[in-house]
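Worksheet: one structure, shown below.
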Amino acid sequence: MTDAIDEAIDWRGAHIDCGACIHDAMRAEGRCKLKHACVNDRYARRIDRFFTWNPALANTYVHHDHFEVRAIAAKHADVFLLPPLLDDPEETVRWNAARRLPRRLILRLRQDPHREVRIRIASLLDDAELVPMLADPDYYVRMVVARRVAPPLLSRLMDDPEVEVRRVVAQRLPAEWLLRMADDPSASVRLEAARRLAPDLLARLKADPDWRVRHEVASRLSPTLLGDLLEDTDMMVREMARARGALRPEPGEFMREMPR
């Protein structure tokens, strides 16, 4: 496979001169190739290919001036060289170092200034380690945390200002706390709560203003409690309620079937 870009320019914008490169002798051995696998190239794919072919050289490049070189070298370098990279000014470098280090060393990146780093760090942590991130200023970080943290800890996010975070909370919250989410101002959150509520608790949502919530109620509520849903203003809700209401035995039906 060849690269579509037919140029050999370094990260400073200068043309690459293989003869001036410290790795020039490697070309004859097939360990590097201009426009394809070159540590001096400005294209990350070519730098990555160079280190894939020569992982042992990564140690000497973890402090290179070009951030792409540092970031890719961090994927191959010895682990003991990586902790200083957690303070690198470039988020890609910090993340590539963090993903290979023990969790105890990367906890401080929970307060990283870059949201992408915090999102990825959250994906590596569990429960107690995630508690400080429940108050992260970025909604997507909080959403990732809500998907990973132990359900009993989700109570802190029940009133989150972002709907998408509360939806995740409603999907995972312990059942005994779900009734609070059934009163959420967002219909999408109430729907998630309705899907998990016990059938005997669904009646409180029969008059919900959103037809999707009422449809969920009609599909799971006891047929004897369908009531107004049989004449709901929404056709799909009515059809669901009537289909289930038809399963309800008529008064005296069991008596008629009893043998004399």
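Counting in the UniProt record's numbering, the sequence shown tops out at residue 260, every number present. Each residue gets a CB set at the ideal place from its N, CA and C atoms; glycine is no exception. Every value quoted in this text rests on a predicted model; they were computed, and no experiment measured them.
No residue range can be given for T60, since it is assigned to no alpha helix (DSSP H) and is classified by DSSP as neither H nor E. Leaving aside the five residues that flank L226 on each side, the residues in its chain whose CB is nearer than 6 Å to its CB run, in chain order, A241, G245.
Taking a C-beta distance under 9 Å as the contact criterion, A146 and V117 do not qualify as a contact pair. According to the DSSP assignment, F50 belongs to the alpha helix (DSSP H) that extends over 44–53.
Proximity of the stretch 30–37 to the stretch 46–56 meets the contact definition, three or more beta-carbon pairs being nearer than 8 Å. Spatial neighbours of L82 in its own chain (CB-CB distance under 7 Å, excluding positions within 5 residues in sequence) are listed in chain order as A74, A97, R100, L101.
Exclusion of the five residues before and after R220 leaves P199, L202 as the residues of its chain whose Cβ lies within less than 7 Å of its Cβ. Contact annotation, M143 with M158: C-beta distance approximately 14 Å; criterion of less than 8 Å not satisfied.
In this structure, DSSP gives I72 a helical state, which the three-state scheme calls helix. Beyond the five residues adjoining it in sequence on each side, P174 comes within less than 7 Å, by CB distance, of P151, P152 in the same chain, given in chain order. The criterion of a C-beta distance shorter than 9 Å is not satisfied by L105 and V93. Scanning D138, R167, R172, R103 for the CA closest to the CA of D126 turns up R103. A14 has no beta-bridge partner at all, per DSSP. If you look at A194, you'll find it in the alpha helix (DSSP H) that goes 187–196. Residues L173, W177 of the same chain have their beta carbon placed closer than 8 Å to that of S155, with the five preceding and five following residues left out of the count. Beta-carbon to beta-carbon, L191 and R204 are separated by about 14 Å, too far to satisfy the 8 Å threshold. When secondary structure is reduced to three states using DSSP, D138 falls in the coil class, being assigned neither helix nor strand. For D41, the beta-bridge partners assigned by DSSP are D10.
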